[in-house]
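Read in order, the letters of the sequence shown correspond to residues -24 to -1, 1 to 270 in mature numbering (1 follows the signal peptide of the UniProt record, and there is no 0).
See below for the structure under consideration.
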Amino acid sequence: MRMIKKTLLALASLMMLSCVYVSAQVTVTYAMDTPTFTLAHEDTDKAQALDSCYLTITYRFKYKATEKDDSLSQEDLMDLQLGRKYNAFFSRNLRDLDIRNTKELKTTMQFQTVPENYVGFDLLVNHADSTTIVTHRVPYTSQVIEYTENTPAPVWTYVLEDTATVMGYHCHAAKCTYGGREWKVYYTNDIPLPYGPWKLNGVKGLVLKAEDSEHNFVFEAEGLTQKTQPIIRYDWNRKTMNKEDWKRFEREMYQNAGAFVRNTGARIIIMDNSEQGFHRLNEDWSQFYNPLEK
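What follows is the structure, encoded as structure tokens:
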């Protein structure tokens, strides 16, 4: 009975939060071959420059599209900006598309739909108080959810005999357990900075590659840029949650994806071989759920 009550409460929270979006959203119709979550455009006109970065590391992030996707067919490019006051980690592709769409909407009133493989979360690490703001964009809406946590400090075990070469840098391995997953990273002593992709910080050198033990996710560096660029926080429609509430909401959003999409006001049609050529999204649809942090 308690489990049923918890599920009902979670579903109620999901519906109440998603219903807020309907009044704020223009109804958009999405046509696709198979149902999937899609991020909405976010405006990039209003922003605050918090810091300047002295180094940007670009990682290719590969992850599963389905439970059986052993080839990790989904890919995105993620930038890690290192600054004196802040670090930032975000999807380079998504940010570039937001900037282009913001300009296009002003001139042509058209915009490009966000590809499904673009990652909708970002991190902002505050060095002064050792906190991290984690931001997630809610599919099909302009809503942004964020929570603040103490900057994660995984406990690392070094495996010095395990080595690799990444981008020409000689690397050693280290392992940790974080967020319900076992991670192995390759770091280089040639760049003695204790940072890495996502929340994988605190190693002796810069992390150039990271992979979980179940081969769900791989981050691998493919670019280092020593160019001063602003570390930016955009003025978006943000709602604050605590971390556990967000994880519960996200899980329900994926498991009840069809109902969630309906409550956002979005309209999804699935292309098929029928005479009409399409059918409406089945509300029983659930989206594959495989978060970085369980």
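Backbone N, C-alpha and C fix where the C-beta goes; we use that ideal spot for every residue, glycine too.
Judged by DSSP secondary structure, V194 falls outside any alpha helix (DSSP H) and instead within the beta strand (DSSP E) spanning F193 to T201. CA-to-CA, the gap between D46 and E187 works out to about 13 Å. For H17, DSSP records no beta bridge to any residue. Residue environment: T108 is assigned as buried (16 or more neighbouring CB atoms within 10 Å of its CB, all protein chains considered). Contact annotation: the region 90 to 100 touches the region 13 to 22, with at least three C-beta pairs closer than 8 Å. Taking a cut-off of 8 Å on C-beta distances, the region 201 to 214 touches the region 23 to 35, as three or more cross pairs fall below it. With a threshold of 16 other beta carbon atoms within 10 Å, N77 meets it and is buried. A Cβ-Cβ separation of about 16 Å leaves Y35 out of contact with P170 under the 8 Å criterion. Setting aside the 5 residues that flank it on each side, G234 is surrounded in the same chain by L257, N258, E259, D260 and W261, each with a C-beta closer than 7 Å to its C-beta; the list follows chain order. If you draw a straight line from the Cα of D105 to the Cα of A7, it is about 45 Å long. Between C152 and P130, the gap from beta carbon to beta carbon is short of 9 Å.
Ranking S67, T83, R113 and N177 by CA distance to the CA of T127 puts N177 first. Here A150 really is in contact with T133; their C-beta atoms are around 7 Å apart, less than 8 Å. Y62 is a Cβ neighbour of I207, given a cutoff of 9 Å.
In the three-state reduction of the DSSP assignment, W159 falls in the strand class.
Considered as a whole, the region 93 to 180 harbours no complete run of any alpha helix (DSSP H) with no fewer than 4 residues. The DSSP-derived three-state label of E251 is coil. Residue pairing by DSSP places R209 opposite Q24 in a beta bridge.
Within 10 angstroms of the beta-carbon of V135 lie fewer than 16 other beta-carbons, which makes it exposed. The closest CA to that of L70, considering only F97, T84 and M85, is found on F97. Looking only at H148, K219, A25 and L184, the smallest Cα-Cα distance to L56 is reached by L184. In this model, D211 and N249 are separated by some 43 Å (Cα to Cα). In this structure, S118 lies away from N232, with their beta-carbon atoms at least 9 Å apart.
Looking at the DSSP output, R243 bridges to T5.
Across the set E220, Y163 and K22, the C-alpha of E220 shows the shortest separation from the C-alpha of T124. When the Cα atoms are used, M229 and K40 turn out to be separated by approximately 18 Å. For the 9 Å CB-CB criterion, Q252 and T12 do not form a contact. In this structure K270 is exposed. Its beta-carbon is surrounded by fewer than 16 other beta-carbon atoms within 10 angstroms. Residue pairing by DSSP places R256 opposite I245 in a beta bridge.
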